[in-house]
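Residues 664 to 937 (my numbering) make up the sequence shown, in order.
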Amino acid sequence: MRIKVLMENSVLNPIRACGEHGLALLIETQGKRFLFDTGQSERIVENALTMREELRDLDGIIISHGHYDHTGGLKAVIEAAGGVDVYAHPDIFTPRYGKEPFNRYIGVPFRREDLESIGARFIPVVEPVEVVPGLWISGEVPRRTDFEGRDKNLYVLEGDEERVDPFRDDLSLYATLAEGVLVILGCAHAGVVNIIEHAKEVTGKKDVYGILGGTHLGLAGEEQRSKTIEYFKNLNLKFLAPNHCTGLAIISELRAMYGDKMHFASVGAEFEFE
Ligand SMILES: [Fe+2]
Ligand SMILES: [Fe+2]
């Protein structure tokens, strides 16, 4: 399995590419190519070209959740791909908002019908689904911990009332590797500990090989950060590539803890797994 970072907050290599607050990973496995998230704009298309990746023959797009920084590139990618299957939770089009750094709409910036009219075929994902052998889409992630999954900064409206966003649509990917499960995160709004526990249950793997993607720890409170890092210590992780909403402070902390096992997953980074 090979994973390339097509969009992320920063650029790693001296290549003609750009970063933006967002995430998009190209995942190749079993002869299939899936795009996990699309960044926040059409700039993903140029990054893909720079990395010699053709979006025309994608086998599917998988959407982690309905935030603009993961879905904003959808229109451009669907146009580049022609007709394409889009795996997503039915709640991704729920209007949603964020308060920091200022109050604003942060949901999907397109209507479902607009995307369908240019070739998107939405496939609803609520339960875990093995999209190709060895690669699972999580489906809804049960909330088990008491310190995750409730970010007061992120909300939906019920009438005029603000409600903390429940993020039922938060999906991750679970790849079963020889050495354990690799957990691939979008923004981990369900909570990274909840997600990893669910990954073990869904895949039947006791060992967790590693994590890649947005952990949300940079935007979480101190209690969640410290309890999650404590949990990581007990997992004996062999590979970490946290990026995006993890934030540079936590990334630095994990690099100090894990040394070479900790990788920088910026635009241009490429990883291979067995
Ligand atoms: Fe995000
Ligand atoms: Fe998000």
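Idealized CB from N, CA, C, for every residue including glycine.
Fair warning: this is a prediction, and the values are worked out from it, not measured in the lab.
request  = Out of Ala883, Pro805, Thr701 and Ala838, state which residue places its alpha-carbon closest to the alpha-carbon of Pro796.
outcome  = Ala838
inquiry  = So for Asn816, helix, strand or coil by DSSP?
reply    = Looking at Asn816 - three-state DSSP - the assignment turns out to be coil, as it is neither helix nor strand.
task = Give the C-beta separation of Leu778 and Ile741 to the nearest angstrom, bearing in mind that I take them to be a contact with Cβ-Cβ under 8 Å.
result = 6 Å
key: Cβ-Cβ distance between Ala687 and Leu712 below 7 Å   = no
message = With a threshold of 8 Å, are at least 3 pairs of Cβ atoms found where one atom belongs to the region 778–791 and the other to the region 813–822?
response = As far as the Cβ criterion goes, the region 778–791 does not touch the region 813–822, which means the pair count is below three.
inquiry  = ligand 1 and Gly877: does any heavy atom of the ligand fall closer than 6 Å to the residue's C-beta?
reply    = yes
key: Pick from Glu935, Phe934, Glu937 and Val930 that is closest to Ile678, judged by C-alpha positions   = Sorting Glu935, Phe934, Glu937 and Val930 by C-alpha distance to the C-alpha of Ile678 places Val930 at the top.
query = Closest by CA to Glu811, which one among Val788, Val804 and Ala853?
reply = Ala853
ask   = Quick one: does the C-beta of His684 sit closer than 6 Å to a heavy atom of ligand 2?
value = no
task = Check whether the Cβ atoms of Val789 and Ile800 sit closer than 7 Å, and answer yes or no.
result = no
ask   = What runs of the beta strand (DSSP E), each 3 residues or longer, lie entirely inside the region 759–807?
value = Inside the region 759–807, DSSP marks whole beta strand (DSSP E) runs of 3 or more residues at positions 759–761, 783–787, 792–795 and 798–800, from first to last along the chain.
query = For the candidate residues Gly843, Asn857 and Val827, whose alpha-carbon lies nearest to that of Gly940?
reply = Shown here, the chain extends from 664 to 937; a query on residue 940 therefore has no answer.
query = Nearest-angstrom Cα distance between Ile707 and His907?
reply = 15 Å
task = Measure the Cβ-Cβ separation of Asp832 and His752 and say whether it is below 7 Å.
result = At a Cβ-Cβ threshold of 7 Å, Asp832 and His752 count as neighbours.
inquiry  = Just to confirm the assignment, what range does the alpha helix (DSSP H) spanning Asn628 have?
reply    = For the chain, the structure presents residues 664 to 937; residue 628 sits outside this window and is missing.
For Glu793 and Gly843, the rounded distance between their alpha carbons = 16 Å
ask   = Just to confirm, are Leu898 and Lys924 a CB contact at a threshold of 7 Å?
value = no
inquiry  = Tell me the rounded alpha-carbon separation between Gly745 and His730.
reply    = 23 Å
ask   = Would the C-beta of His907 count as close to ligand 2, meaning under 6 Å from any of its heavy atoms?
value = no
ask   = Straight-line CA distance for Ile858 to Ala851?
value = Distance between the alpha carbons of Ile858 and Ala851 is about 7 Å.
task = Would you give the residue range spanned by the beta strand (DSSP E) that Ile847 belongs to?
result = Gly843 to Leu848
Residue closest to Asp732, alpha-carbon to alpha-carbon, out of Gly682, Arg696, Glu716 and Tyr750 = Of the candidates Gly682, Arg696, Glu716 and Tyr750, the one whose C-alpha sits nearest the C-alpha of Asp732 is Gly682.
The beta strand (DSSP E) enclosing Phe902, as first and last residue numbers = Phe902 to Asn906
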